[in-house]
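In UniProt numbering, the protein residues as written are 1 to 102.
Take a look at the structure:
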């Protein structure tokens, strides 16, 4: 919700809602992808029981939260929340054609 609010404020206030200054779709997808991947990494880091003890998020909760959203999820090791270096992030579907084409 925060990303949507900031993008809208930038578009409406900063750029005076001029369609020529609206960000490209790929730019928006990239921003969203970066934010979601950052959240995924944070969840994995917060699953570190050695560092956070009883306050750590359970590995099972991290897996349950992100299941079905990760790119190439089937090839990831079962302990991926404890090893965030193996993460490849979420998948964002890109349409094969753009609006107005074809």
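C-beta atoms are modelled at their ideal positions from N, C-alpha and C, and glycine is treated no differently. Just so you know, these numbers come straight off a predicted model, no measurement behind them.
Distance between beta carbons of residue j and residue i, contact taken as under 8 Å
i	j	result
residue 60	residue 82	Not a contact, Cβ separation roughly 12 Å.
residue 43	residue 65	7 Å
residue 70	residue 35	That pair is no contact at about 16 Å.
residue 11	residue 22	6 Å
Euclidean distance between Cα positions of residue i and residue j
i	j	result
residue 144	residue 15	The displayed coordinates of the chain run from 1 to 102. Any statement about residue 144 would go beyond what the structure contains.
residue 52	residue 40	17 Å
residue 101	residue 18	Per-residue confidence for residue 101 stands at a pLDDT of 43, beneath the threshold of 50, marking its modelled position as unreliable; no derived number is given.
residue 57	residue 31	26 Å
residue 135	residue 20	No information on residue 135 is available, as it lies outside the stretch 1 to 102 that the chain covers here.
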